[in-house]
Each structure stands twice: as structure tokens, then as C-alpha cells.
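S.K.: Those sequence lines, one after another, are chains A and B.
All residue numbers for the first sequence refer to our numbering, where the first residue is 559 and numbers rise by one.
All residue numbers for the second sequence refer to our numbering, where the first residue is 559 and numbers rise by one.
This is the structure I want to talk about, given as C-alpha cells.
Number of protein chains: 2
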Amino acid sequence: MTYQLHYWPTIQGRGEFVRLALEAAGADYVDVARGTKAQGGGGAALGQRLGDARNSRPPFAPPFLVDGDVVVGQTAAILLYLGPRLQLAGAGEADGLWTHQLQLTVADAVAEAHDTHHPLSVGIYYEDQREAAAARAKAFRDERIPKFLGWFEDVLQRNPAGDTHLVGDALTYADLSLFQLVAGLRYAFPKAAARALADTPAVVKLHDNVARRQRVHAYLQSPRRIAFNEEGIFRRYPELDG
Amino acid sequence: MTYQLHYWPTIQGRGEFVRLALEAAGADYVDVARGTKAQGGGGAALGQRLGDARNSRPPFAPPFLVDGDVVVGQTAAILLYLGPRLQLAGAGEADGLWTHQLQLTVADAVAEAHDTHHPLSVGIYYEDQREAAAARAKAFRDERIPKFLGWFEDVLQRNPAGDTHLVGDALTYADLSLFQLVAGLRYAFPKAAARALADTPAVVKLHDNVARRQRVHAYLQSPRRIAFNEEGIFRRYPELDG
Numbered sequence: 559m560t561y562q563l564h565y566w567p568t569i570q571g572r573g574e575f576v577r578l579a580l581e582a583a584g585a586d587y588v589d590v591a592r593g594t595k596a597q598g599g600g601g602a603a604l605g606q607r608l609g610d611a612r613n614s615r616p617p618f619a620p621p622f623l624v625d626g627d628v629v630v631g632q633t634a635a636i637l638l639y640l641g642p643r644l645q646l647a648g649a650g651e652a653d654g655l656w657t658h659q660l661q662l663t664v665a666d667a668v669a670e671a672h673d674t675h676h677p678l679s680v681g682i683y684y685e686d687q688r689e690a691a692a693a694r695a696k697a698f699r700d701e702r703i704p705k706f707l708g709w710f711e712d713v714l715q716r717n718p719a720g721d722t723h724l725v726g727d728a729l730t731y732a733d734l735s736l737f738q739l740v741a742g743l744r745y746a747f748p749k750a751a752a753r754a755l756a757d758t759p760a761v762v763k764l765h766d767n768v769a770r771r772q773r774v775h776a777y778l779q780s781p782r783r784i785a786f787n788e789e790g791i792f793r794r795y796p797e798l799d800g
Numbered sequence: 559m560t561y562q563l564h565y566w567p568t569i570q571g572r573g574e575f576v577r578l579a580l581e582a583a584g585a586d587y588v589d590v591a592r593g594t595k596a597q598g599g600g601g602a603a604l605g606q607r608l609g610d611a612r613n614s615r616p617p618f619a620p621p622f623l624v625d626g627d628v629v630v631g632q633t634a635a636i637l638l639y640l641g642p643r644l645q646l647a648g649a650g651e652a653d654g655l656w657t658h659q660l661q662l663t664v665a666d667a668v669a670e671a672h673d674t675h676h677p678l679s680v681g682i683y684y685e686d687q688r689e690a691a692a693a694r695a696k697a698f699r700d701e702r703i704p705k706f707l708g709w710f711e712d713v714l715q716r717n718p719a720g721d722t723h724l725v726g727d728a729l730t731y732a733d734l735s736l737f738q739l740v741a742g743l744r745y746a747f748p749k750a751a752a753r754a755l756a757d758t759p760a761v762v763k764l765h766d767n768v769a770r771r772q773r774v775h776a777y778l779q780s781p782r783r784i785a786f787n788e789e790g791i792f793r794r795y796p797e798l799d800g
């Protein structure tokens, strides 16, 4: 069965955490909104699915995954669903729960990264909330980035199976998501991320190991990987770094 | 086995979603930080557990739940763990996943409610970010509250088993969490919440039904239910309502 991922076609955004899991597992999937209209894809297809009044369990927002009759929204819930199916959630309930807990913490960091450029409202332009963004970004750089990355470093250092993976000794979607968080922070806040990462060598090593994995490497080099840009969650506004 | 909930002892906060699940199910639990030092409780016990370097899977922040050898952090992950154990997650994988998806959306609304009074940083006082808070709260009142509650109304209206519960025809932790979200919004934004709730009758009915349930009612009347206050997530600052 081909998984259908529904997400905005021009940004990495939250959909990227799902793309990475599907790509790293070599899963058969279609990134619907990036397909052509003739293929049943395009932006309209996403809107249609999102607004489908026949769906008794409608997603709140993209991304959402369609797998046959199953429609799952919320990034972390999609990964909870895919985890065991793609063998990216460790072994058994305890590992699955821990992987999910790590994902939820990545999600918190991602939401805070987003709010650095939109601290007041998603409904107004960044240019109209620059002063608040500067204050929010300073707190994010000085307190939150080190706190989040420091916690992941701790988790890696304490892993009884070694510091190569977050959960046990095999790849999980939490590793892929931490890779993406590090990549995003480096893009948006090159100076602040470099400072924090200097204190978290195991996090840096995990990022590099993930990027080197054959399928992930192939994906990152492919046109399927959308470049970071200033429409997404991680945006490079030099005035917000420092 | 007695569950141990570890959370700040003077606020409802995120811990309240866990308290409500434990209370509604009549589960045996201890709210550790609210116990006396002699009972092994108090604020110090929370800090000790949180900082326990022997825990190879440390929580990022409260709340966290201890169940024998299992330590689970992140509110939504705690409820994912408790759901089937307390029979509050519907029937089977599909219901469990949908319940979780609903919870994650409540969590998003809760995080946004929090940021209305702390849009710039949790490290500085509300009084020092009032201007930004006013802007953020306006967007939350005008756009986000109606969007979130409208989606939950949709979910209730579309439930093939009827509009009494969010998932099937029995209580889940998603119902309890939506109750808490409504209660919190009514406390913090009485005018804006009343406006939005006028358009979401099924959400209002769900809130009232949950509050009337025997165990929930008993809990809400008891000293175990901490009153809303201006240290928690939902804070009544009249200047942020309107």
C-alpha cells in the first residue's frame, strides 16, 4: 500500500519529519501536493482532502497521512502510527513510548522555533512583528536552544546501549527528528546553534550519522528534499541570530 | 500499583490533564509534590526525581508519571500510556490513535493559551511583556479560539456514534481534556470564550456532561482540584480578554 502524505508543497515544515521517516525506511509513498494535477496531486488535492466533510475524523491541519481508510493528522501521531510499521520505534511498548516522548519534545522545540519569527500572530507578517520577534528570538537562543539540545545530549549520554542513537542501538524516528531539528537550528540560527552544539558533541555526531545513512543521504541530495526557505518554520533572518 | 504523578503543587497546568484522567477512572494515585515531606512528597521530591541522574530516560519537564519502573514525561505521552490502562482510549488501535490526535490538538491550544501571557519569554514577567501579550491575545481570541473550538464541534457533529463523546460512545481522555480546555478558556477569556462557545453547542454539552460525571464532579468539589490562578497556564488578566 502506498502511503499518501498531504502537506504544503513548498516547505519542509512539520511535514519534513514524516518525509524523513518514510525516506529513511525506503517506504512507498506519494507527497500528494507536490504531484501534478493529472496524477491526482497538487495543492487543490490537499485542500480537498482537508475539507472532506465525509471524513468523520478530520485532520485539524496538514500534515496528515492517508493509508487506505486511515487518515491520521498531527505530526507526532503520524509518526506514532508509522513507527512500528517502518521499524522506526525501537522494540516493544517501552521503547515506542520513549521514542514518542522524544518526538513530542522535538515538537515543542519546533513550535518555539516557529514562534521566534511569529511571536504575536501567524496572521500578520514577520515584518510587522519584528520587535517582538527580536525579544522572543533572544530568549530562544540564550535559554531554550541550550536547554533542548542539552537534554538530548543527556539522553544520548545516558543511553545504556551507547550514544549513537536516542533509543537503544537502532535508528528511530526520534533520531531522524533530532537530525532535522539540528539542521533547522543551524539554518535559522547559525551562530547560536554553533555555540550550543559545541557543548553537545553526541547530538552533533547523531546529526552527522543520520545524514550519512544511505537512504537519508540519497534523499537529501535529491529534488525531493525542499531547501530551507523563509516560508517554513526555520527561517534565516540574520537579525534574529547573534 | 499506585501511580505517582509528579507536577507543580500549586497550579492545574499541564498536570491537570493527567489528574483528570486518573480521577475520572478512579485510579489509585499520589500527587507527589502535594504530599508532605514525611510521606516522601513535597516540592523537593519532584526536583529530586527530575534531576535523578540514574534515570536513563529522564523527563524534560513536569508533569511526569512514575509507574513502578516506568517513568513517562510529556502530558500527551502520559495519557497515551494511561489511556488503555484506565479504559479511556476507546477500542483498538484506530480509536487510540484518534484519541491521541485529539489530545495533541488540545495540547496545541493549551500552548497557545499560555503564550498569550508570555509571548516573548517564560523567563520574564507578564508585566514586562504586556504590550506583546495584548497583541498575541487578540489574535488568539479572534482567530484561534474559534478555530480550535470549531474543529472540536465538527468532530463531535461528525461522530457516527453521536455527539456526546469525541471518540465512539464512551468517555476518553480526549473528552476530559476538552472539558479542561473549555474550563480554562472560560476562566481566562470569559468574554471571548462565551462568544466562541455560542457557536459550538456540542462542545458546551460535552463540557457539562463531563463535569456531571460522578467521579469528576466529586473531584471538582474536592480540595484536590486546585483553583485556576495567575501562576498557571490559563490566567485571568482582564486586559487580555475582550
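For glycine and all other residues, C-beta sits at the position ideal for the given N, C-alpha and C.
Taking the alpha-carbon of residue 727 of chain B as reference, which of B:787, B:648, B:564 and B:658 has the nearest alpha-carbon?
M.R.: Reading the second sequence from its first residue, position 169 is the one you call residue 727 of chain B. With distances taken between Cα atoms, residue 727 of chain B lies closest to B:648.
S.K.: Does any CB atom of chain A fall closer than 9 Å to the CB of residue 632 of chain B?
M.R.: Locating residue 632 of chain B in the second sequence gives position 74, counting from the first residue. It does; some Cβ of chain A falls within 9 Å.
S.K.: Verify the CB distance criterion: does residue 604 of chain A have a CB-CB separation below 9 Å to chain B?
M.R.: Within the first sequence, the letter at position 46 stands for residue 604 of chain A. Cβ-Cβ to chain B under 9 Å: no for residue 604 of chain A.
S.K.: Mind checking who residue 587 of chain B pairs with in its DSSP beta bridge?
M.R.: As a position in the second sequence, residue 587 of chain B is number 29, starting the count at 1. In DSSP, residue 587 of chain B forms a bridge with B:561.
S.K.: Do the region 560-570 of chain B and the region 588-602 of chain B meet, that is, are 3 or more Cβ pairs less than 8 Å apart?
M.R.: Yes, they touch.
S.K.: Give a yes or no on whether the C-beta atoms belonging to residue 615 of chain B and residue 713 of chain A are separated by under 9 Å.
M.R.: Residue 615 of chain B sits at position 57 when you count from the first residue of the second sequence. Residue 713 of chain A sits at position 155 when you count from the first residue of the first sequence. For residue 615 of chain B and residue 713 of chain A, yes; Cβs fall inside 9 Å.
S.K.: So what's residue 792 of chain B in DSSP terms, helix, strand or just coil?
M.R.: The residue labelled residue 792 of chain B in the question sits at position 234 within the second sequence. In this structure, residue 792 of chain B counts as coil in the three-state DSSP scheme.
S.K.: Only counting runs of 3 or more residues, tell me where the beta strand (DSSP E) segments fall wholly within the region 671-754 of chain A, in order along the chain.
M.R.: Within the region 671-754 of chain A, no complete beta strand (DSSP E) run reaches 3 residues.
S.K.: For the ligand PLP, I want to know if residue 574 of chain A counts as a neighbour, meaning its beta carbon is within less than 8 Å of at least one of the ligand's heavy atoms.
M.R.: Questions concerning the ligand PLP fall outside what the structure shown contains, since it holds no ligand whatsoever.
S.K.: I need the DSSP call for residue 625 of chain B, collapsed to helix, strand or coil.
M.R.: Residue numbering aside, residue 625 of chain B sits at position 67 when the second sequence is read from its first letter. In the structure shown, residue 625 of chain B sits in a strand (DSSP, three-state: E or B).
S.K.: Beta-carbon within less than 7 Å of residue 748 of chain B's beta-carbon, same chain only, minus the 5 sequence neighbours each way: which residues are those?
M.R.: Within the second sequence, residue 748 of chain B is the residue found at index 190, counting from 1. Cβ within range, chain order: 799.
S.K.: DSSP three-state label for residue 654 of chain B, please.
M.R.: Locating residue 654 of chain B in the second sequence gives position 96, counting from the first residue. Residue 654 of chain B falls in the helix class under three-state DSSP.
S.K.: With DSSP as the reference, please indicate the residues paired to residue 631 of chain B in a beta bridge.
M.R.: In the second sequence, counting from the first residue as 1, residue 631 of chain B sits at position 73. B:622, per the DSSP bridge assignment.
S.K.: Alpha carbon to alpha carbon, how far is residue 687 of chain A from residue 670 of chain A?
M.R.: By one-based count along the first sequence, residue 687 of chain A stands at place 129. By one-based count along the first sequence, residue 670 of chain A stands at place 112. Residue 687 of chain A and residue 670 of chain A: Cα-Cα distance of roughly 16 Å.
S.K.: Which residues in the same chain as residue 734 of chain B place their Cβ atom closer than 8 Å to its Cβ, once the five residues preceding and following it in sequence are excluded?
M.R.: By 1-based counting over the second sequence, the position of residue 734 of chain B is 176. Once the five neighbours on either side are set aside, the close Cβ partners of residue 734 of chain B are 575, 578, 579, 582, 646, 768 and 774.
S.K.: Is there contact between the region 692-707 of chain B and the region 741-761 of chain B, where contact requires at least three CB pairs shorter than 8 Å?
M.R.: Judged by Cβ distances under 8 Å, the region 692-707 of chain B makes contact with the region 741-761 of chain B, as three or more pairs qualify.
S.K.: Taking Cβ positions only, does residue 616 of chain B come closer than 9 Å to chain A?
M.R.: By 1-based counting over the second sequence, the position of residue 616 of chain B is 58. Cβ-Cβ to chain A under 9 Å: yes for residue 616 of chain B.
S.K.: Kindly say whether residue 621 of chain B, judged by its beta-carbon, lies nearer than 9 Å to any beta-carbon of chain A.
M.R.: Numbered from 1 along the second sequence, position 63 holds the residue referred to as residue 621 of chain B. Residue 621 of chain B does not count as touching chain A.
S.K.: Going by the CB atoms, is the gap between residue 572 of chain A and residue 621 of chain A shorter than 9 Å?
M.R.: Within the first sequence, residue 621 of chain A is the residue found at index 63, counting from 1. Within the first sequence, residue 572 of chain A is the residue found at index 14, counting from 1. Contact flag set, yes.
S.K.: Along chain B, which residues have their Cβ under 8 Å away from the Cβ of residue 662 of chain A?
M.R.: As a working mapping, residue 662 of chain A is identified with position 104 in the first sequence. 632, 634 and 635, listed in chain order.
S.K.: Flag residue 717 of chain B as yes if its beta-carbon sits less than 9 Å from any beta-carbon of chain A, otherwise no.
M.R.: Working through the second sequence from its first residue, we reach residue 717 of chain B at position 159. For residue 717 of chain B, the answer is yes, since a Cβ of chain A falls inside 9 Å of its Cβ.
S.K.: Using a Cβ cut-off of 7 Å, pull out every chain B residue sitting near residue 678 of chain A, in sequence order please.
M.R.: Here residue 678 of chain A corresponds to residue number 120 of the first sequence, with the count starting at 1. Chain B residues near residue 678 of chain A: 677, 690, 693, 694 and 697.
S.K.: Less than 9 Å between CB atoms is the rule here; does residue 791 of chain A satisfy it with respect to chain C?
M.R.: Absent from the structure is chain C; the protein chains it does hold are A and B.
S.K.: Take every Cβ of the region 627-642 of chain B, pair it with every Cβ of the region 600-618 of chain B, and state whether three or more of those distances are shorter than 8 Å.
M.R.: The region 627-642 of chain B is in contact with the region 600-618 of chain B.
S.K.: Can you find a CB in chain B that lies within less than 9 Å of the CB of residue 566 of chain A?
M.R.: Translated into positions along the first sequence, residue 566 of chain A becomes position 8. It does not: the Cβ of residue 566 of chain A has no partner Cβ on chain B nearer than 9 Å.
S.K.: Return the residue from the list B:739, B:764 and B:729 that minimises the CA-CA distance to residue 786 of chain B.
M.R.: Along the second sequence, read from residue 1 onward, the residue named residue 786 of chain B stands at position 228. The shortest C-alpha separation from residue 786 of chain B is found at B:739.
S.K.: Since residue 652 of chain B meets chain A, which of its residues come closer than 8 Å, beta carbon to beta carbon?
M.R.: The residue you call residue 652 of chain B lines up with position 94 of the second sequence. Per Cβ cutoff of 8 Å: 628.
S.K.: Any Cβ of chain A within less than 9 Å of the Cβ of residue 701 of chain B?
M.R.: Stepping through the second sequence from its first residue, residue 701 of chain B is reached at position 143. For residue 701 of chain B, the answer is yes, since a Cβ of chain A falls inside 9 Å of its Cβ.
S.K.: What does the alpha-carbon distance come out to for the pair residue 732 of chain A and residue 759 of chain A?
M.R.: Locating residue 732 of chain A in the first sequence gives position 174, where the first residue counts as 1. Locating residue 759 of chain A in the first sequence gives position 201, where the first residue counts as 1. Answer to the nearest angstrom: the Cα atoms are 17 Å apart.
S.K.: Using a C-beta to C-beta distance shorter than 7 Å, which residues of chain A count as neighbours of residue 658 of chain B?
M.R.: Here residue 658 of chain B is taken as the residue at index 100 of the second sequence, counted from 1. By Cβ distance, chain A contributes 635 and 638.
S.K.: Measure the CB-CB distance between residue 793 of chain B and residue 684 of chain B and report whether it falls below 9 Å.
M.R.: Working through the second sequence from its first residue, we reach residue 793 of chain B at position 235. Working through the second sequence from its first residue, we reach residue 684 of chain B at position 126. In contact: residue 793 of chain B and residue 684 of chain B (Cβ atoms closer than 9 Å).
S.K.: According to the neighbour-count rule (16 or more other Cβ atoms, all chains shown, within 10 Å of its Cβ), is residue 752 of chain B buried or exposed?
M.R.: In the second sequence, the residue the question calls residue 752 of chain B occupies position 194. Residue 752 of chain B is exposed by the Cβ-count criterion.
S.K.: Under a Cβ-count criterion, where at least 16 other Cβ atoms within 10 Å of its own Cβ denotes burial, should residue 586 of chain A be classed as buried or exposed?
M.R.: The sequence position of residue 586 of chain A within the first sequence is 28, counting from 1. It is exposed - the Cβ of residue 586 of chain A has fewer than 16 other Cβ atoms within 10 Å.
S.K.: Name, please, each residue of chain B whose Cβ falls closer than 7 Å to the Cβ of residue 669 of chain A.
M.R.: Counting from one through the first sequence, the residue named residue 669 of chain A turns up at place 111. The contacting residues are 669.
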